[in-house]
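> This is the structure I want to talk about, given as structure tokens.
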Ligand code: NAD
Ligand code: TDX
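Numbering (this note's numbering), first residue to last: 15 to 369.
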């Protein structure tokens, strides 16, 4: 089992990053430090880690910075003696990549390059260090009605988002082959759970049902996604960084494929159960809207490798995960208000103190 003392988490104020940091503090025996390095774009919110920051003052540091800023990246690696980088920071929303791809190229490609170059320089030829890169199943392209993505499925990205992620994956692989940088990588399917920015399908539909607003379903709603509860993803990443084979990539998925329209119906039923409103009052909100350009039809992951090699498996069923997510959004109205209004930037000014 590999051990680290100072883990740099990039994008730790985003959806999966904050759940990963919570998972480390709450569900592992890690006794080192976590340095959360995040630019706080619209998708980043340090409030998601307020409790952790207060409870683990001596082990948790937040750095408000951009992964494209070479000087700050280099000085952070040195100052905090980083021996593991878990790289989540990215522009992550496919629709935004269609209307404005530039940020995706800058952060996802140049930002990853900046981190890799700084890690190579700082670590020299050390072998007791690790760069773990978080990627997505979208780099493999789109499936028809059958078949699965395997780790050796050729890349075939189709959106500016997935193309930028694929480019960053290739640069990570180049640093492994050319410079022997110790890297691991994971390609995961669609995550859902608490702290998910409400522009993605599941949190958007939950908030729109609760607010009695239209539920916009792209095209016919027949596109298929594989859904994984976010803490199961966090658990997979932890297993890879501590026990995975250096140089390897691991697919991570829910083995839980749903057509979008069926997800929306399921959410309407579960929200109705929580609010005691008639389910049709929610289903009537479903509105078919123009399809996403180049909309990938189906993603499906084969994750036998991580199951067989590292003993990982999903632990949360879709029903359980959706219910706890719905309950979280019903309860956390302040968090929702803040991410929707950008008010959390004021919160940062009041609460953010670097160690
Ligand atoms: P997110 O959009 O919720 O969070 C991204 C975080 O990165 C934010 O906190 C943001 O402030 C930060 N960030 C953005 N640009 C930055 C920069 N230049 N410098 C520093 N920080 C920056 O994203 P997410 O859904 O948590 O996804 C995290 C990672 O997981 C991404 O790499 C994404 O490609 C990958 N991924 C996501 C999913 C999913 O379903 N959400 C599935 C597979 C893989
Ligand atoms: O309003 C909507 N209506 C709708 O029908 C939205 C926001 C989405 N959709 C559809 C598009 C997709 O088929 O729902 C599906 C899921 O959409 P998103 O939540 O935007 O996720 P997706 O495009 O599948 O990408 C997500 O999973 C893979 C993450 O955003 C990526 O970061 C990750 O790599």
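Here a beta-carbon is modelled for each residue, glycine too, at the ideal position from N, C-alpha and C.
Identify the continuous beta strand (DSSP E) that holds residue 309 and give its terminal residues.
Position 295 of the chain shown holds residue 309. Residue 309 -> no beta strand (DSSP E), and no H or E assigned at all.
> Helix, strand or coil for residue 143, going by three-state DSSP, please let me know.
Here residue 143 is taken as the residue at index 129 of the chain shown, counted from 1. Note: residue 143 maps to coil in three-state DSSP.
> Write down every uninterrupted run of the alpha helix (DSSP H) in the region 244 to 270 whose length is 4 residues or greater and which is fully enclosed by it, in chain order.
Fully enclosed alpha helix (DSSP H) runs of 4 or longer: 244 to 257.
> Return yes when at least one heavy atom of the ligand NAD lies under 7 Å from the C-beta of residue 202, else no.
In the chain shown, residue 202 corresponds to position 188, counting from 1. Yes - the ligand NAD has a heavy atom lying nearer than 7 Å to the Cβ of residue 202.
> For the alpha helix (DSSP H) holding residue 322, just list the boundary residues, first then last.
Your numbering for residue 322 matches position 308 in the chain shown. Unbroken alpha helix (DSSP H) run through residue 322: 318 to 324.
> I need the straight-line Cα distance from residue 93 to residue 49, nearest angstrom please.
As a working mapping, residue 93 is identified with position 79 in the chain shown. As a working mapping, residue 49 is identified with position 35 in the chain shown. Looking at the two C-alpha atoms, the distance is approximately 11 Å.
> Might you give, ordered along the chain, the residues of its own chain that have their beta carbon closer than 6 Å to the beta carbon of residue 342, omitting 5 neighbours on each side?
Position 328 of the chain shown, counting from 1, holds the residue named residue 342. The answer, listed in chain order, is 208.
> With DSSP as the reference, label residue 81 as helix, strand or coil.
On the chain shown, position 67 is the one that residue 81 refers to. It is coil, neither helix nor strand.
> So is residue 302 buried or exposed if we call it buried at 16+ other beta carbons inside 10 Å?
Taking the first residue of the chain shown as 1, we reach residue 302 at position 288. The residue in question, residue 302, is exposed, as its Cβ has fewer than 16 Cβ neighbours within 10 Å.
> State whether the region 61 to 71 contacts the region 235 to 249, with contact taken as three or more CB pairs (one from each stretch) at a distance under 8 Å.
Segments in contact, no.
> Report all residues from its chain with a CB closer than 6 Å to the CB of residue 350; omit the five preceding and five following residues, and keep chain order.
Taking the chain shown and counting its residues from 1, the one referred to as residue 350 is at position 336. The answer is none, since no qualifying residue turns up.
> Distance check for residue 159 and residue 34, CA to CA, integer angstroms please.
Residue 34 sits at position 20 when you count from the first residue of the chain shown. Residue 159 sits at position 145 when you count from the first residue of the chain shown. Their Cα atoms are separated by approximately 32 Å.
> Mind checking whether the beta-carbon of residue 102 lies closer than 7 Å to any heavy atom of the ligand NAD?
As a first step, residue 102 is located in the chain shown; it is residue number 88 there, counting from the start. Indeed, a heavy atom of the ligand NAD lies less than 7 Å from the Cβ.
> With a threshold of 7 Å, establish whether the CB of residue 108 neighbours any heavy atom of the ligand TDX.
The residue labelled residue 108 in the question sits at position 94 within the chain shown. Checking the Cβ of residue 108 against the ligand TDX gives yes.
> Please report the distance separating the alpha-carbon of residue 185 from that of residue 196.
Here the question's residue 185 lines up with position 171 in the chain shown. Here the question's residue 196 lines up with position 182 in the chain shown. The alpha-carbon atoms of residue 185 and residue 196 are separated by roughly 13 Å.
> Do residue 118 and residue 206 have their C-beta atoms within less than 8 Å of each other?
Here residue 118 refers to the residue found at position 104 of the chain shown. Here residue 206 refers to the residue found at position 192 of the chain shown. No, Cβ-Cβ distance for residue 118 and residue 206 is not below 8 Å.
> How is residue 33 classed by DSSP in three states: helix, strand or coil?
In the chain shown, the residue the question calls residue 33 occupies position 19. Correct three-state label for residue 33: helix.
> Quick one: using the 10 Å Cβ neighbour count with 16 as the cut-off for buried, is residue 360 buried or exposed?
For this step, residue 360 is matched to residue 346 along the chain shown. Residue 360 should be labelled exposed.
> Using the C-alpha atoms, what's the distance from residue 46 back to residue 72?
Here residue 72 refers to the residue found at position 58 when the chain shown is read from its first residue. Here residue 46 refers to the residue found at position 32 when the chain shown is read from its first residue. Cα-Cα distance, rounded: 10 Å.
> Between the alpha carbons of residue 32 and residue 80, how many angstroms are there, rounded?
As a first step, residue 32 must be located in the chain shown, where it is residue number 18. As a first step, residue 80 must be located in the chain shown, where it is residue number 66. So the alpha carbons of these two residues sit roughly 17 Å apart.
> Report the partner residues of residue 108 according to the DSSP bridge assignment.
Here residue 108 refers to the residue found at position 94 when the chain shown is read from its first residue. Residue 108 is not bridged to any residue.
> May I ask whether a heavy atom of the ligand TDX can be found less than 7 Å away from the beta carbon of residue 239?
Reading the chain shown from its first residue, position 225 is the one you call residue 239. Yes, Cβ of residue 239 sits closer than 7 Å to a heavy atom of the ligand TDX.
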